[in-house]
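Before any comments, here is the structure.
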Amino acid sequence: FFSVLLKSMGGTIPPAPANASTEETSKGKAEEQPEEPVKSPEPESEESDLEIDNEGVIEPDSDDPQEMGDENVEVTEEMMDQANEKKIEAINALSEGDLQKAVDLFTDAIKLNPCLAILYAKRASVFVKLQKPNAAIRDCDRAIKINPDSAQTYKWRGKAHRLLGHWEEAAHDLALACKLDYDEDASAMLKEVQPRAQKIAEHRRKYERKREEKEIKERMERVKKAREEHERAQREEEARRQAGGAQFGGFPGGFPG
Numbered sequence: 001f002f003s004v005l006l007k008s009m010g011g012t013i014p015p016a017p018a019n020a021s022t023e024e025t026s027k028g029k030a031e032e033q034p035e036e037p038v039k040s041p042e043p044e045s046e047e048s049d050l051e052i053d054n055e056g057v058i059e060p061d062s063d064d065p066q067e068m069g070d071e072n073v074e075v076t077e078e079m080m081d082q083a084n085e086k087k088i089e090a091i092n093a094l095s096e097g098d099l100q101k102a103v104d105l106f107t108d109a110i111k112l113n114p115c116l117a118i119l120y121a122k123r124a125s126v127f128v129k130l131q132k133p134n135a136a137i138r139d140c141d142r143a144i145k146i147n148p149d150s151a152q153t154y155k156w157r158g159k160a161h162r163l164l165g166h167w168e169e170a171a172h173d174l175a176l177a178c179k180l181d182y183d184e185d186a187s188a189m190l191k192e193v194q195p196r197a198q199k200i201a202e203h204r205r206k207y208e209r210k211r212e213e214k215e216i217k218e219r220m221e222r223v224k225k226a227r228e229e230h231e232r233a234q235r236e237e238e239a240r241r242q243a244g245g246a247q248f249g250g251f252p253g254g255f256p257g
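When the count follows full-length UniProt numbering, it moves up by one through the sequence shown with no breaks and lands on 257 for the last residue.
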């Protein structure tokens with residue numbers, strides 16, 4: 001009806017814009033093509049390239065924890081005297097080279113007077129000689145709880161950590177021992193362990209920096225990807241609006257009134 005009416009008035013019907021429609025469709029499809037995924041850089045190997053001289057390091061001891069005595073017991077003067085006698089016997093056994101007897105006697109003294117820090121430090125020294133560093137560390141921890149200012153305790157705990165290859169802990173304890181009360185033996189061992197402790201600390205800082213740089217790079221990649229996704233969505237939306245406008249542009253003159 002409309003075509004007859006237009007022809008009777010001398011008008012012509014423009015051909016359908018088939019090519020334009022095809023071009024818009026092709027353009028839309030091209031716009032919808034997913035972008036090539038950004039290849040993430042292969043993660044850098046964080047395998048340790050740290051080489052430490054572990055000469056003198058031993059396997060950790062795994063004995064049951066030694067007796068520590070009851071720290072809540074009420075110690076009498078008689079018990080203090082008996083503990084002192086046991087301590088003297090233990091020191092004598094130690095000087096004779098009977099290490100296990102010395103441990104047993106120090107244990108007896110500890111049970112009689114469990115609040116005397118020096119007894120734990122003395123027994124710890126014997127555990128170090130017996131190459132039982134974990135037992136020595138337990139004794140030193142108890143001694144430090146009782147008296148945190150005992151240089152001898154830190155010295156023996158530092159030596160125990162050295163046996164286990166805990167270089168940073170050993171350096172910390174030995175340095176503190178020398179600070180509290182300078183000791184040539186502790187100082188000599190500190191000079192041995194400190195370079196290794198420093199090497200470990202430098203190695204850790206190096207990988208912390210690498211991790212931080214990697215995190216920053218990944219964060220920047222995520223921001224870049226999000227921006228690209230946003231721009232692509234805007235382009236697609238603009239293409240849809242243009243395609244919608246073209247569909248209603250065939251009759252610029254409108255209908256006669």
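Note that the Cβ used here is the ideal one computed from N, Cα and C, for glycine as well.
Counting along the chain, Val73 sits inside no alpha helix (DSSP H), nor does DSSP assign it H or E at all.
Counting every other CB atom within 10 Å of its CB across the protein chains shown gives Leu112 a total of 16 or more, marking it as buried.
Going by beta carbons, Ala135 and Asp185 fall outside the 8 Å limit. Of the residues assessed, Asp139 falls on the buried side of the cut-off, its CB having 16 or more other CB atoms within 10 angstroms.
Judged by DSSP in its simplified three-state form, His203 adopts helix.
For Gln100, the enclosing alpha helix (DSSP H) starts and ends at 99-112. From the listed residues Glu96, Ala175, Lys122, the smallest Cα separation to Ala197 is found for Ala175. Taking C-beta separations shorter than 6 Å and ignoring five residues to either side along the sequence, the partners of Val126 in its chain run Leu99, Ala102, Val103, following chain order.
Per DSSP, reduced to three states, the secondary structure at Pro133 is helical. Counting along the chain, Cys178 sits inside the alpha helix (DSSP H) bounded by residues 167-180. Note that the C-beta distance between Ile137 and Ala117 is not below 8 Å. For Gln66, there is no enclosing alpha helix (DSSP H), since its DSSP letter is neither H nor E. From the listed residues Arg142, Lys87, Gln131, Ala151, the smallest Cα separation to His161 is found for Gln131.
Short of 8 Å from the beta carbon of Ala201, and not among the five residues preceding or following it, lie these beta carbons of its own chain, in chain order: Glu168.
Between Leu163 and Pro133, the gap from beta carbon to beta carbon is short of 8 Å.
Rounded to the nearest whole angstrom, the CA to CA distance from Tyr182 to Glu51 is 31 Å. For Met68, the closest C-alpha among the options Lys199, Ala143, Gly158 is that of Ala143. Per the C-alpha coordinates, the member of Glu96, Ser95, Ala121, Gly97 positioned closest to Thr107 is Ala121. Assignment of Leu163 by DSSP, reduced to helix, strand and coil, places it in the helix class. Taking the Cβ atoms as the reference, Ala226 lies roughly 56 Å from Leu180, outside the contact range of under 8 Å.
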